[in-house]
Every structure is written in C-alpha cells, then in structure tokens.
Amino acid sequence: MYCNRSFGLGAARVAEPILASLKHQLKLVDLSDFVAGRPEVEALDVMDLFSNALQGSNLSSLNLSDNALGEKGVRAFGTLLKSLSSLEELYLMNDGISKEAAQAVSELIPSTEKLKVHHFHNYSLEADSAIAPCVAAKLDLNKLNLSENELKDEGRDGAVALADVVMKKEGFMLLNIDGDIISEEGIEEVREIFKKKPELLGDLDENDPDEEDEEDDELESKLKNLEVNEDD
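Residue 173 in UniProt numbering sits at position 173 of the sequence shown, and the numbers go up by one each step.
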C-alpha cells in the first residue's frame, strides 16, 4: 500500500485523513520500509500518525517489515496493534527487534486471537523466550517464522520454551527456526522435542503441511542449518 516509500512528517499528515476515511474498507496493509532514511524522532512521529489513522480497522494482514522498529517503533504502533482483533497475519521482518521489542509485541497484541501467521525473522534476539508467551496466548496461531535470529547461548532456554509451546498447540503446522545460532545443548534439546512431531519443523515458504510425516533423517537435515555458538 505505502511500502517502499519514505514518508516524512508532512506527507504522513496528508496521508493520515485519507487512511482514516478508508480504514474500514482495508483488509491488507503493507507499511514495509516506509520511513527509510528518516531521523528517529520523525520516523516515530510518522508511525504514530499511521497507527492512529488505522486504529480500529478490520485488517486481516499487516506488514511492518524493514522499518528498524526496535521497541520504540513497536510501541509507536501500539494503538493500532491493540485494536486489530481480526488480524490473521503479522509481518515484522528485518525490524531490529530486541528482546524488549519482542516483549512489547507480546504485550500489545493480547486480543488478537485470530492471529495465524507471524513472520518474525532476521533479528539479533538475546533469547526467544520473550516470544513464547505471545505464541501461547494466540489460540489460532499455526505458523511462526523465527529464522535467522542470533539467539546465542541465551537462546537455549527460549528455544526449548518455544518448542514446548508449539508442541502443545492444537492445529499448529509449521515452525521455521532455520539459521538460528544457539548452543549445542540447545540444538540437542530442540531435536529431542521435535522427534515427536518432526512435521512441525520447517521453512514456512517451502514445506507443505499436508505432506506425510518426515522420518528422523529428514529432521536431521532440517536442523543442519542451526549454527552452533562456539564463543563460550
């Protein structure tokens, strides 16, 4: 919709009433990479304007990727996120999401019970334990992309907590954790958990949830991209 355009405060003020007048007609909104090159203060003000304009809309899909959100950016969209009770897909890729920002995401979308797909990859999270409560609270969530997150050794407990949550969710189909950096012990624990249901582990873009259950050797192949942190 407004993706790949850099909005300054002036342009955002022009767009705000237009968005507000159309918000009940919108189902899909793409605001990826829409504040590129803007100073932080201006970018946050722009995010706040768009958030207020779209508050209370009936969006089924929202893309906020490539905006270097961080915790401040996530909270700038707080008004919007808290109001999206019909949201099914949320994209927060390449947004500089820290552990604190991940906790903010969990805090700001407690009412989004219809959320089914959450793309949350390519970050430098200290641990994905912050994501586990969010996943557990979203009753219908069935796809989660946490690939290419620099979890490091602190990610061991988070990865295990997340795996446990996924295994308990009825109807869950796919968890993507390819390319994550966790400890060797963490890899072994995740491997053990997913041996019970290996079909839940895979790339969201490439795996077919309707395929037959995969054997242990295929599980080993999927886990080979998990890099071991050897900095200890």
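Glycine included, every Cβ here is placed at the ideal spot set by N, Cα and C.
Since residue i sits in a beta bridge, which residues does DSSP pair it with?
i: SER61; result: LEU28, GLU89
i: ASN176; result: ASN145
i: residue 240; result: Only positions 1 to 232 of the chain appear in this structure, which leaves residue 240 out of reach.
Within 10 angstroms of its Cβ, does residue i collect 16 or more other Cβ (buried), or is it exposed?
i: PRO17; result: exposed
i: ARG38; result: buried
i: GLY171; result: exposed
i: ASP164; result: exposed
i: GLY10; result: exposed
i: PHE7; result: buried
i: ARG53; result: Note that residue 53 is Ala in the sequence shown, not Arg. By the neighbour-count rule (16 or more Cβ atoms within 10 Å), ALA53 is buried.
i: VAL190; result: buried
i: LEU22; result: exposed
i: ALA36; result: exposed
i: SER83; result: buried
i: SER51; result: buried
i: GLN25; result: exposed
i: ARG5; result: exposed
i: VAL14; result: exposed
Quick check on the DSSP output: the alpha helix (DSSP H) that includes residue i runs from which residue to which?
i: LYS82; result: 78-83
i: LYS99; result: 99-108
i: ASP48; result: 40-54
i: GLU170; result: It is not in any alpha helix (DSSP H) - GLU170 carries neither H nor E in the DSSP assignment.
i: ALA11; result: 9-22
Pop quiz: residue i and residue j are said to be a contact at Cβ under 8 Å. What is the actual Cβ separation, rounded to whole angstroms?
i: LYS27; j: ASN58; result: 7 Å
i: LYS196; j: MET167; result: 7 Å
i: ILE109; j: LEU144; result: In fact, because the Cβ distance is near 14 Å, the residues do not count as touching under 8 Å.
i: SER147; j: ILE177; result: 6 Å
i: LYS169; j: LEU141; result: 7 Å
i: ASP66; j: ASP30; result: With 8 Å as the limit, ASP66 and ASP30 do not qualify as a contact, their Cβ atoms being about 10 Å apart.
i: LEU115; j: LEU87; result: 6 Å
i: GLU100; j: GLU71; result: 5 Å
i: GLY186; j: ALA161; result: In fact, because the Cβ distance is near 11 Å, the residues do not count as touching under 8 Å.
Return yes when at least one heavy atom of the ligand HEM lies under 8 Å from the C-beta of residue i, else no.
i: ASN63; result: The ligand content of the structure shown is nil, which means the ligand HEM is not present either.
Tell me, please, whether the CB atom of residue i is closer than 9 Å to any CB atom in chain B?
i: LEU115; result: Checking the listed chains, one finds no chain B in this structure; it contains a single protein chain.
Practice prompt. Evaluate the contact criterion for the segment 34-51 versus the segment 98-112: three or more CB pairs, one atom per stretch, below 8 Å.
Written response: no
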